[in-house]
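For the record, the sequence lines run as chains A and B.
Counting in my numbering, the first sequence tops out at residue 27, every number present.
Counting in my numbering, the second sequence tops out at residue 401, every number present.
Where a beta carbon is used, it is the ideal one built from N, C-alpha and C, also for glycine.
These figures come from a predicted structure and were not determined experimentally.
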Amino acid sequence: MSQFNLKQYYAEQ
Amino acid sequence: KSCSILVTDANFECNEENIMLQAMDNSHIALVSVEIGAPGFTSYRCDRTMPLGVDLTSLTKVLRCAKDENICTLKAADEADVLNLVYDAKSAFFSPFFFAFMWHGRDASSPFPPFFLLCSALLPLFIHLNISLSSQTPITSSWPETKYDTRVTLPSAEFTRIVRDLSQLGEHVRIEVSKEVVRISKLKAKSSAEDEDNDSIPTGVVIEMNQHVSLTFSLKYLVNFSKSGSLSGEVQLLMSNDVPLLVAYDFTQGYIRCYLAPKIGD
């Protein structure tokens, strides 16, 4: 399993 | 104290209405957001909006000096580089902290010198502690309001117990929410083929959902989040597939909300 990256996620939003 | 487990330093943003903090952990897996409204304080004054960059590890150490009955006053002057904490002892008794200071090195055969007499009069009233303020860059990026597919409300003590117990058995946990059941399953570190289900439907659980959700998270972070359980009798878990989990503890005049990135893939 890999880890979702929060910083990247919110940046893309 | 709860935040310091996740982030080592952060900015307390102060304005006339509240104190807020937002910070992401170094690994970009968890984000914590705290708000305490002005009415939540016995007295509150903010003449100018300002960030207080604080080393949370140090702050936690200083807060350990306080007893439950102490009133803690936080003060920062304009242009100051220190946060001043004053503990006002409500009771007339000396705290252990004062005793340690006053009795250290005392010669039992001699009377207290004037200095100690002065301290004995003043110390029961106040302890002053200063913490240097850092100029950390505030996290100004905000995230969009997320519409979650499910919301599970349960007693915070139950949530704390579940994640703490499961953390003894594995590193990850899968949370599945269907119409009538919340299933919190331990995942083995190497294989998910032999999941060991745990009874996870304590009394007082409310499930609101639009869509079945199944997400996997690191238990270590959930255990850290659950340290905020003493702030609120209930905790809310808000989830949508492929979206960060929101663990929300709301209290009378504020909240602490923790966001956790899910694991991806099987």
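- In summary, the residues of the region 157–169 of chain B whose CB is separated from some CB of chain A by less than 9 Å are M159, D160, S162, H163, I164, A165, L166, in the order they occur in the chain.
- Remark: C-beta atoms of B/I171 and B/N153 approach each other more closely than 9 Å.
- Closest option to B/V317, judged by alpha-carbon separation, among B/F294, B/C393, B/D216: B/F294.
- For A/Q22, the enclosing alpha helix (DSSP H) covers residues 20–26.
- Judged by DSSP in its simplified three-state form, B/E204 adopts coil rather than helix or strand.
- Chain A has no Cβ within less than 9 Å of the Cβ of B/A383.
- Close CB contacts of B/S137 within its chain, under the 7 Å cut and outside five residues either way in sequence, are with K362, S363, I391 (chain order).
- From the beta-carbon of B/K398, the residues of chain A found nearer than 9 Å are M15, S16, Q17, F18.
- Its Cα nearest to that of B/N345, the residue B/L373 stands out among B/Y356, B/L373, B/T177, B/M159.
- By the beta-carbon neighbour count (other beta carbons within 10 angstroms, threshold 16), B/H347 is exposed.
- For B/T192, the number of other beta carbons within 10 angstroms of its own is below 16, and it is reported as exposed.
- In the structure shown, B/K136 adopts coil according to DSSP, grouped into three states.
- Boundaries of the beta strand (DSSP E) around B/F147: 144–149.
- DSSP, read as helix, strand or coil, puts B/Y356 in helix.
- Within the DSSP secondary-structure output, B/A158 pairs in a beta bridge with B/V167.
- Following the DSSP letters along the chain, one finds B/E311 inside the beta strand (DSSP E) bounded by residues 307–312.
- For B/R183, there is no enclosing alpha helix (DSSP H), since its DSSP letter is neither H nor E.
- Relative to B/E214, the option among B/V189, B/M185, B/L350, B/G305 whose CA is nearest is B/M185.
- Just measuring C-alpha positions, the residue of B/T288, B/V340, B/S353, B/I342 sitting nearest B/S320 is B/S353.
- In this structure, B/A383 is the residue among B/G400, B/E343, B/A383, B/I399 with its C-alpha nearest to the C-alpha of B/C393.
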